[in-house]
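Enquirer: Counted from 1, the sequence shown has number 94 at position 95 by numbering that gives the first Met the number 0; the numbering is strictly sequential. Built from N, CA and C at the ideal position, the CB exists for glycine as well. Since this is a predicted model, take the numbers as computed values, not measurements. Pasting a structure below so you can have a look.
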Amino acid sequence: MIDALEQLCTQFGAAAVAAAFAVMFLGGFTKGAVGFALPMIAISGVGSALSAQLAIAAVIAPSVAANLWQTFRQGLRPALSSMRRFWVLNATMFAAIAASAQLVTMLSDRALYMILGCGVTAFGAVQLAGWRPPRPRGRSAALEAAVGLVAGFFGGLSGVWGPPILMYLVALELPKAEMVRAQGVAFLLGSLILAAAHLRSGLLAGTGGALSLWMVLPAAAGMAAGLAAHDRLDQRRFRQATLAVLTLAGLNLLRRALF
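Quick look at the structure:
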């Protein structure tokens with residue numbers, strides 16, 4: 000694993016690798032504070048310092064670790080309850096991630112940056128504008144399957160499947176604790192299948208896998224700090240600041256794709 004870091008420093012420069020670690024800490028902090036955004040921040044930031052494929056690889060192991068923490072923080076029984084409640088959403092997302100993840104190694108960096116940039120920018124801008132999807136009339140298996148399909152397709156390609164799921168959960172107007180737990184369950188299942196899919200695709204072989212494991216350290220440190228700050232932060236303002244940063248990061252990825 001040390002050899003992998005040395006190889007990355009040689010290829011991209013020590014400053015770029017250090018910046019990637021700092022971005023992962025920021026992603027972990029935001030995840031602990033508001034319950035989401037680690038992959039979006041990490042992929043946007045790491046993708047600006049390293050390659051797009053390495054950015055996707057880098058976020059996988061930290062996402063698994065962070066989502067395990069978030070899912071089971073309130074205990075096993077509440078986590079299982081959330082899994083049962085949203086099983087259609089999660090099962091559809093699970094299958095879609097497994098299928099679309101195999102396309103990552105076939106796409107150019109430019110195409111990946113375009114996909115990442117469009118998704119992150121659109122989510123951040125829509126949320127900053129204050130738009131909320133209308134509340135569904137009761138539970139709908141078809142709607143959950145559609146949300147899971149969209150989230151899984153883009154999640155397999157980019158490592159970011161949170162925005163459609165977040166919008167759906169916001170529309171349901173779940174209590175805060177239940178919403179954070181439901182996010183954790185969906186994100187955990189997604190990160191597990193993404194890890195399995197990229198072990199198969201080869202993205203986590205060699206340097207990519209070593210980088211992903213190294214990134215668990217700053218992500219865990221950031222999440223611990225974010226959880227400690229959770230109750231003391233002005234959640235509305237911090238969320239707005241996070242979305243503003245995400246939007247700028249998404250625009251930067253689009254810049255890399257276009258120029």
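In the structure shown, what three-state DSSP assignment does G129 receive?
Expert: Looking at G129 - three-state DSSP - the assignment turns out to be coil, as it is neither helix nor strand.
Enquirer: Just verifying my parser: in three-state terms, what is the DSSP assignment at F122?
Expert: Of the three classes helix, strand and coil, the one that applies to F122 here is helix, per DSSP.
Enquirer: Do N89 and G183 have their C-beta atoms closer together than 8 Å?
Expert: Contact: no.
Enquirer: Is G31 near G123, with beta carbons less than 8 Å apart?
Expert: Going by C-beta atoms, G31 is not nearer than 8 Å to G123.
Enquirer: Are there three or more Cβ pairs, one per stretch, closer than 8 Å when the region 72-91 is compared with the region 53-63?
Expert: Counting Cβ pairs under 8 Å, fewer than three are found: no touch.
Enquirer: Measuring alpha carbon to alpha carbon, tell me which of R235, A219, L79 and L232 ends up nearest A41.
Expert: Selected option, being the one with the closest Cα: A219.
Enquirer: Do G189 and T29 have their C-beta atoms closer together than 8 Å?
Expert: Going by C-beta atoms, G189 is not nearer than 8 Å to T29.
Enquirer: Looking at the unbroken alpha helix (DSSP H) that takes in P174, where does it start and where does it end?
Expert: Counting along the chain, P174 falls outside any alpha helix (DSSP H), and DSSP gives it neither H nor E.
Enquirer: Give me the residue from L37, R83 and W86 with the minimum Cα distance to W160.
Expert: Considering only alpha carbons, the answer is L37.
Enquirer: Suppose you measure from the CA of S47 to the CA of T246; what does that come to, to the nearest Å?
Expert: Between S47 and T246, the C-alpha separation is close to 14 Å.
Enquirer: When you compare the CB positions of L202 and Q52, do they come within less than 8 Å of one another, or not?
Expert: Going by C-beta atoms, L202 is nearer than 8 Å to Q52.
Enquirer: Quick one: what's got a C-beta closer than 8 Å to G155's C-beta in the same chain, skipping five residues either side?
Expert: Contacts found: A95, I96, A97, A98, S99, A100, Q101, L102, V103, L193 and A196.
Enquirer: At the level of alpha carbons, what is the spacing between A209 and L4?
Expert: Computed Cα separation, rounded: 8 Å.
Enquirer: First and last residue of the alpha helix (DSSP H) that includes D293?
Expert: Past the edges of the chain, shown from 0 to 258, lies residue 293, and the structure says nothing about it.
Enquirer: Here's a check: name, in chain order, each residue in its chain whose Cβ is nearer than 7 Å to the Cβ of C8, leaving out the five neighbours to either side.
Expert: Closer than 7 Å at the Cβ level, and outside the excluded window around C8, lie V16.
Enquirer: Shortest alpha-carbon distance to A227 belongs to which of M178, P132 and V33?
Expert: Minimum Cα distance to A227 is reached at V33.
Enquirer: What is the DSSP secondary structure of H229, counted as helix, strand or coil?
Expert: In the structure shown, H229 sits in coil (DSSP, three-state: anything other than H, G, I, E or B).
Enquirer: Are the CB atoms of P132 and M105 nearer to each other than 8 Å?
Expert: For P132 and M105, no; Cβs fall outside 8 Å.
Enquirer: Could you name the residues of the same chain whose beta carbon sits closer than 6 Å to that of G26, not counting the 5 residues immediately before and after it, in chain order?
Expert: Once the five neighbours on either side are set aside, the close Cβ partners of G26 are L37, I40 and A41.
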